[in-house]
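K.L.:
Each protein sequence line maps, in turn, to chains A and B.
Letter 257 of the first sequence, counting from 1, is numbered 257 in our numbering, and no numbers are missing.
Letter 7 of the second sequence, counting from 1, is numbered 7 in our numbering, and no numbers are missing.
We put the beta carbon where it would ideally sit given N, CA and C, even for glycine.
Predicted model, so just to flag it, every value in this text is computed and none were measured.
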Amino acid sequence: MEFLRPTSLSEACQLKAEHPDAVPLCGGTDVMVDLNFDRRRPEALLDLTAVPELYEWSRYDGRLRIGAAVPYTAIIEQLATEAPGLAIASRTVGSPQIRNRASVGGNLGSASPAGDALPPLLAANGEVETMSTTGARRIPIHEFFLGPKHNALRPEELIAAVHVPVASGPQQYAKVGTRNAMVIAVCSFSLALHPDTGRIGTGIGSAAPTPRAAPEAEDFLAAELADRWTAPDELPDDVVRRFGELVAAAAEPIDDVRGTADYRRHALSVLARRTLTWTWAEHRSQERAQ
Amino acid sequence: MTDVSTEVRTTTAGGVGESPFRPDGTFKVTGQFAYSSDLYMEGMLWGTTLRSPHPRARIASIDIGPALKVAGVSAVLTHDDVPGEKVYGLEIADQPVLAYDEVRYQGEPVAIVAADHPETARRAAALIVVDYQVVEPLSDPREAVGHPYWKPVHDEPGERTAMSRDKAPVHPEGNIVRHQRVRFGDPDAATADVVVHGDYEVGMQDQAFLGPESGLAVPGEDGGVDLYVATQWLHVDRRQMAGALRLPEDKIRLTLAGVGGAFGAREDLSMQVHACMLALQTGRPVKMVYSREESFFGHVHRHPALMRYEHGADRDGRLVYVRAHILLDGGAYTSSTPAVVGNASTLGIGPYDVPHVAMDCWGVYTNNPPCGAMRGFGAVQAAFGYESQMDKLAAAVGVSPVEIRMRNAMSEGSVLPTGQVIDSPAPVMELLRRLDAMPLPGAATDDIRLLPGGVSNTTHGEGVRRGVGYAVGIKNVGFSEGFDDFSTARVRLELMGDEPSVLVHTAAVEVGQGLVTVQAQIARSELGVERVTVAAADTQVGSGGSTSASRQTYVTGGAVRAACEAVRSELLERAAERYGPGEFRLVGGRLESTVDGVVGDIASLLVEGAVERTVEWRHRPTQPLDEATGRGDAHVQWAFCAHRAVVDVDVDLGLIRVVEMAAVQDVGKAMNPDAVLGQIHGGTAQGLGLAVMEEVQVVDGKLRNPSFTDYLIPTIMDMPPMRVEVLELADPHAPYGLRGVGEPPTISSTPAIVAAVRAASGIDLKRVPIRPEHLVLR
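1) Distance check for B:H460 and B:D447, CA to CA, integer angstroms please.
2) With H, G and I counted as helix, E and B as strand and the rest as coil, what does DSSP make of B:L765?
3) For a contact meaning CB atoms closer than 8 angstroms, what does B:P772 contact in chain A?
4) How is the alpha helix (DSSP H) around B:C276 delimited, first residue to last?
5) Name the one or two DSSP bridge partners that B:T337 has.
6) Comparing the C-beta of A:W280 with each C-beta of chain B, is any distance below 8 angstroms?
7) Buried or exposed for A:H266, please, with buried defined as at least 16 other CB atoms from any protein chain shown within 10 angstroms of its CB.
8) Return no unless some Cβ of chain B is closer than 8 angstroms to the Cβ of A:I88.
9) Indicate the three-state DSSP secondary structure (helix, strand or coil) for B:D226 in the structure shown.
10) Taking only beta carbons into account, state which residues of the region 84-111 of chain A come closer than 7 angstroms to chain B, listed in chain order.
11) What's the gap between the Cα of B:A396 and the Cα of B:M693?
12) Could you check what DSSP says for B:P772 in three-state terms: helix, strand or coil?
13) How would you call A:A3, buried or exposed, if buried means at least 16 neighbouring beta carbons within 10 angstroms?
14) Would A:L246 pass as an interface residue toward chain B - the criterion being a Cβ-Cβ separation below 8 angstroms?
15) As an exercise, report each continuous alpha helix (DSSP H) stretch of at least 4 residues that is fully enclosed by the region 341-399 of chain B, in chain order.
16) Please classify B:E577 as buried or exposed, where buried requires at least 16 neighbouring CB atoms within 10 angstroms.
17) Roughly how many whole angstroms lie between the Cα atoms of B:L787 and B:G609?
18) Can you tell me the Cα-Cα spacing of B:L625 and B:A358, whole angstroms?
19) Find the nearest neighbour of B:G740 within the set B:L571, B:F479 and B:I128, judged by alpha-carbon distance.
20) In the structure shown, what three-state DSSP assignment does A:P42 receive?
21) Leaving out five residues on either side along the sequence, give the residues of the same chain with a beta carbon under 8 angstroms from the beta carbon of A:R154.
22) Can you tell which of B:K28, B:P53, B:L90 and B:A242 has its C-alpha closest to the C-alpha of B:G84?
23) Along chain A, in chain order, which residues have C-beta atoms closer than 7 angstroms to that of B:M693?
24) Check the Cβ-Cβ distances between A:A182 and every residue of chain B, and say whether any is below 8 angstroms.
25) Run through the region 502-586 of chain B for me and flag every whole beta strand (DSSP E) of 3 or more residues, listed as ranges in chain order.
26) If I measure Cβ to Cβ from A:E53 and keep anything under 6 angstroms in the same chain, skipping five residues before and after, which residues do I get?
27) Using the Cα positions of B:V607 and B:G497, report the straight-line distance between them to the nearest angstrom.
28) Measure from the alpha carbon of B:G630 to the alpha carbon of each residue in B:K287, B:G215 and B:S345, then state which is nearest.
29) Quick one: which unbroken beta strand (DSSP E) runs of 3-plus residues sit fully inside the region 40-95 of chain B? Chain order, please.
30) Throw me the rounded Cβ distance for the B:A642 and B:V664 pair, which I believe falls under 8 angstroms.
31) Does the Cβ-Cβ distance between B:V82 and B:Q95 come in under 8 angstroms?
32) For A:Q97, tell me which candidate among A:D47, A:G27 and A:W229 has the shortest Cα-Cα distance.
33) Against chain B, does A:L271 count as a neighbour if the rule is that its beta carbon must be under 8 angstroms from one of theirs?
34) Do B:Y132 and B:A57 come within 8 angstroms of each other at the CB atom, strictly closer than that value?
35) So B:R561 and B:V477 are in contact, right, with Cβ under 8 angstroms, and what is the actual spacing, rounded?
36) Provide the residue(s) that pair with B:A208 in DSSP beta bridges, ordered along the chain.
Listed below in structure tokens is the structure:
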């Protein structure tokens, strides 16, 4: 197995072009497990830990550009206000040691339906920035996941960063696991309220072949909230309940070793109701404060 | 040769009743301790195991040719190459060293390979062509005893049918490993005012030790072999190895390597014979280390159980009778199933006085993973059944869970359903009283890390209900049913420099529980000498017996004390010769005479040479159980622990946060109080795991979650702070009055948590571990 260690993004792209089968390695929290379990033996590993550009984040035009290798710990510590959904999700990733190494780029690369960072990226309507020797590309997050552990990345491309709008309203993420920490999602849900556009963002994890949004639930809620943004009252119970039902209906879960399909649907409806209650309460208190 | 054994250390801290640090503690905490997986020798080969992918199949042929052609491979061996007996086992030799004719569980070893690199060995093993003719597995233990017997609760139990299955038995003798009946009083005629029924199920728990099976076999110049290995009983390993390797026992020398936890999973052989076969075949040292995934296939698990209980009581809740059936799935081979059946049947009504008892317990063969020893050993499964019943009875009678247990609590002088009299303190009432008097923790906070779901942010208080549950358990200490259970200790007292120094040498295995510390404490207290060294455990001294059944402090501790007494006697004889007349005694390190007061010290008696004594020490004998009635004084000692669990349950999501565990345990004598607390904390955590998350999921004989990604064990975010009270009510039959400590806290922890979850949710839970869907989907 060849071990490639570029020290710049352009060198990394060059090496990826020369070795399209090379597996990018950064935190190693997914890749090394696969190697240790002998699930794959790539021709080459492309170690990205010496590429400084990937570890930077920045703010521009009301958006965040988060380098693919920015570890979850940094997101939790530095981006909790501007990307609250992603930061809450980051807190649920693995253990402190894992969060010090693992990054959003890895979640996107693995494209597991259980990736914790993925539902909030869907809810925030993010974009994936890829890089190759032929240039950069922006892929809307809703077009990124093609199947279980299968994404829209081309063989010669690397994930350079993820872009999300700076939050204009409350965001939440909640994940069901059968342990109180360090657990893979049985199912998860992320919700983002976008009062600036009147849009609603959702993301469902671990309850379909890919992370996915719940568009009907988004449209339903956007319509219900249309007249409420500036004079927010408590939401009627039937709105909250209907939103939960529509989120559950958007899922396509299976029975597996971590839980049953029926439970996942049930839990998603609970998580959808609760995250809606929390975000709406937060929005109301922000409105009142103004 | 590099560092292949655990460090021998000199300790200078205190004696019995104090809490000196573990000699290996600093090394473990700082990552310097050499575990068995760290063993290394120049020129060693790596062994690997090819395992069956099928739970049940005929083996038509095995072609090792392709593996032999791989560069770097030194040996590929199958059952044809086993030098001696082709089967081994703890109680009954029925488990093939390497499978022949048939495989009976998924993961059964079929061939072994030695190569110059572990990956070369694995790749070569994958090239071995095994022609399996797959047979439908027998995976339901009910099928093993005949289906009609196990009907839903409230149906009258029918007659057990003959083998009514279509499938062939897993073993030619039939599928029942052991059926133990216990009959006490007149259970057939007994009637009661209040009757409660229940069907209960316990899933398959794994010991989940952190150090995988591993060891290093080194061929000896005498044709024998040296094995450095993490195990629980060196001599019983050696006995089984001698049969398989066709070597006299003195040609097989075992030395304990650093053990990373055991909990019963190292009682059966794993890689011992395989590594030695490869070493003897190649003439080179061979190391084997299981991966985490392989480890799930490489050791036995806790028996899953199906249980049916019927409790009858008077209107005040005083028990009149208990009728119970316990079905334990032993998996494909015998392992320690017979002894697990013995425990479950004799302890299966719990620490209660019951006038009439009818208990039937079966251990059966299936094509599921073999099950055997795990902390609590039969008592854990039964306790979930009988304690669930006690809560049902409390509700039916209208008294509290604590009250119902107090009204039925056994005490010193109580008679077990086996007819055996409890002839030492049995403070069940006192444990409950103290537990009940402990303050309760405060209400749920708004720190989400302390709510159900923890950092996963599933609730900010919505749906959270508090519940409290109680349980008490009983466990036998030491090997029961007539087993000749002994340990050997060699104690040598000599001058090193000018200072008296003690060397304690036993074959008793330290698995992390603290035996090395306790052995030194005993020597220090008995001889009044501070400098004590505990030698590495090996087979150069007689058997120390198994590190299991909460027995080592009792039995090896007893042996060390007896050896110290023998050494002291010799010292006093020397004193009489030198300083006589008069009576002499040793006080601290001083020698006192009744005539002249202090006349010298230990050092003065050692000038003429060292004193060394080796003693084989036994606890009092026990009797086998009568097969039809369960009569017999089968147990050595009993230990009791009681738990109170406080839980918060998110009743909408079915998630559980254990808020606090409180425990009261009688330990007879706290030999090392800190270590006692460690055992109670650890045992409680293991019981918590069984209650809320730990299960090896097996479907049609196949494991679905052989990894720590999907076999979850509690983290620090799951295991809450504990309140612990320790009682020291001496057992007059035991050394220092001590009682085994390790297992009891595992037993009552699980049912206490389930009771608390029932109280919080109002749901009649019948199965552990509890899964979220049990609480929210009905």
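P.N.:
If we stick to the structure as given:
1) The alpha-carbon atoms of B:D447 and B:H460 are separated by roughly 8 angstroms.
2) B:L765: coil per DSSP, three-state reduction.
3) Listed by position along chain A, the residues whose Cβ is nearer than 8 angstroms to that of B:P772 are V176, T178, V186, G259, Y263 and A267.
4) Residues Q272 to T282.
5) DSSP links B:T337 through a beta bridge to no other residue.
6) No, A:W280 lies away from the interface with chain B (no Cβ there is under 8 angstroms from its Cβ).
7) Buried.
8) With 8 angstroms as the cut-off, A:I88 counts as an interface residue toward chain B.
9) In the structure shown, B:D226 sits in a strand (DSSP, three-state: E or B).
10) Legend: CB atoms of the region 84-111 of chain A lying less than 7 angstroms from CB atoms of chain B belong to residues I88, R91 and T92.
11) Approximately 29 angstroms between the Cα atoms of the pair.
12) Residue state, collapsed to three classes: helix.
13) For the record, residue 3 of chain A in the displayed sequence is Phe; it is not Ala. That one is exposed.
14) No, A:L246 does not count as interfacial toward chain B.
15) 379-397, all fully within the region 341-399 of chain B.
16) By the neighbour-count rule (16 or more Cβ atoms within 10 Å), B:E577 is not buried but exposed.
17) Nothing about residue 787 of chain B can be read from this structure; chain B reaches only from 1 to 778.
18) Their backbone Cα atoms lie some 15 angstroms apart in a straight line.
19) For the residues B:L571, B:F479 and B:I128, the minimum Cα distance to B:G740 belongs to B:F479.
20) A:P42: coil per DSSP, three-state reduction.
21) Result list for A:R154: T130 and S132, in chain order.
22) Among B:K28, B:P53, B:L90 and B:A242, the Cα nearest to that of B:G84 belongs to B:A242.
23) Within 7 angstroms Cβ-Cβ: T178 and R179.
24) Here residue 182 of chain A turns out to be Met, not Ala, going by the sequence shown. At least one chain B Cβ lies under 8 angstroms of A:M182.
25) Counting only runs of 3 or more residues that sit fully inside the region 502-586 of chain B, the beta strand (DSSP E) segments are 532-534, in chain order.
26) Scanning its chain for C-beta atoms nearer than 6 angstroms, with the 5 sequence neighbours on each side dropped, one finds around A:E53 the residues L9, in chain order.
27) Rounded to the nearest angstrom, the two C-alpha atoms are 11 angstroms apart.
28) Of the candidates B:K287, B:G215 and B:S345, the one whose C-alpha sits nearest the C-alpha of B:G630 is B:S345.
29) Qualifying beta strand (DSSP E) stretches, in chain order: 45-51, 57-63 and 73-77.
30) With a beta-carbon spacing of about 5 angstroms, B:A642 and B:V664 fall inside the 8 angstroms limit used to define contacts.
31) Not closer than 8 angstroms, so no.
32) Considering only alpha carbons, the answer is A:G27.
33) By this cut-off, A:L271 is an interface position.
34) At the C-beta level, B:A57 and B:Y132 come within 8 angstroms of one another.
35) That pair is no contact at about 17 angstroms.
36) Residue pairing by DSSP places B:A208 opposite no residue, since no beta bridge is assigned to it.
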